[in-house]
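Presented below is the structure to which this report refers.
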Amino acid sequence: MPTIKSLNKWANAHSYYPIDLLRIALGVFLFIKGINFISNSQILVDLIKPVQNLAGSMIVIHYVAPAHLIGGVLIAFGLLTRWSVTAQLPLLIGAVLINFLGEMNPANLVIASVILLLCVFFMFYGSGKHSVDYYLKMQQ
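Throughout the sequence shown, residue numbering follows the numbering used here, covering 417 to 556 in sequence.
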């Protein structure tokens with residue numbers, strides 16, 4: 417717990433608007449991806465085709481879209497950002513691995529890798545000063 421407090425203090429002291437805009441853009445991107453997966457579920461089925469025979473493929477289908485929708489909203493508003501990003505990490509690692517297990521799509525690999533790196537960054541950085549988390553903390 418002291419580590420998280422020290423990370424929060426550091427992040428709040430070094431909070432800048434471009435980083436907050438990057439967090440908001442990440443959340444909006446994940447939310448749009450979730451809507452995309454819900455509106456066109458065949459994309460998701462095609463994506464997990466290389467690992468279709470593994471147990472839990474149906475769980476993956478029902479986890480990806482809601483995790484992107486809810487996590488995207490929470491990340492965009494800066495509410496429970498570290499928890500939301502932690503829920504996104506297995507999905508993004510899977511998105512990177514699917515490019516190596518199935519058909520290689522360089523554009524998808526680059527997008528998944530960049531989003532994965534952003535999520536790892538925000539897992540350590542947190543919400544920042546311009547977020548709902550900070551606002552609620554100041555209201556106590």
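By construction, the Cβ of each residue, glycine as well, lies at the ideal position given by its N, Cα and C atoms.
- Between Leu525 and Val512, the C-beta spacing is below 8 Å.
- Taking C-beta atoms under 8 Å as the contact rule, Ile514 and Leu463 qualify, at a distance of about 6 Å.
- Across the set Tyr550, Ile448, Lys421, the C-alpha of Tyr550 shows the shortest separation from the C-alpha of Phe493.
- Sequence-distant Cβ neighbours of Lys465 in its own chain, meaning closer than 7 Å and more than five residues away, are Gly518.
- Residue Val548 holds the alpha-carbon nearest to the alpha-carbon of Leu495 among Asp436, Pro434, Phe453, Val548.
- Of all alpha-carbon atoms in Lys553, Lys545, Phe538, Ile459, the one lying nearest the alpha-carbon of Ile491 is that of Phe538.
- For Phe516, the number of other beta carbons within 10 angstroms of its own is below 16, and it is reported as exposed.
- When secondary structure is reduced to three states using DSSP, Leu507 falls in the helix class.
- According to the DSSP assignment, Tyr432 belongs to no alpha helix (DSSP H), since it is labelled neither H nor E.
- The three-state secondary structure of Lys545, taken from DSSP, is coil.
- Rounded to the nearest angstrom, the Cβ distance from Val480 to Leu460 is 6 Å, consistent with a contact under 8 Å.
- Between the C-alpha atoms of Ser455 and Lys449 there is a straight-line separation of about 10 Å.
- Rounded to the nearest whole angstrom, the C-alpha separation of Thr497 and Asp436 is 12 Å.
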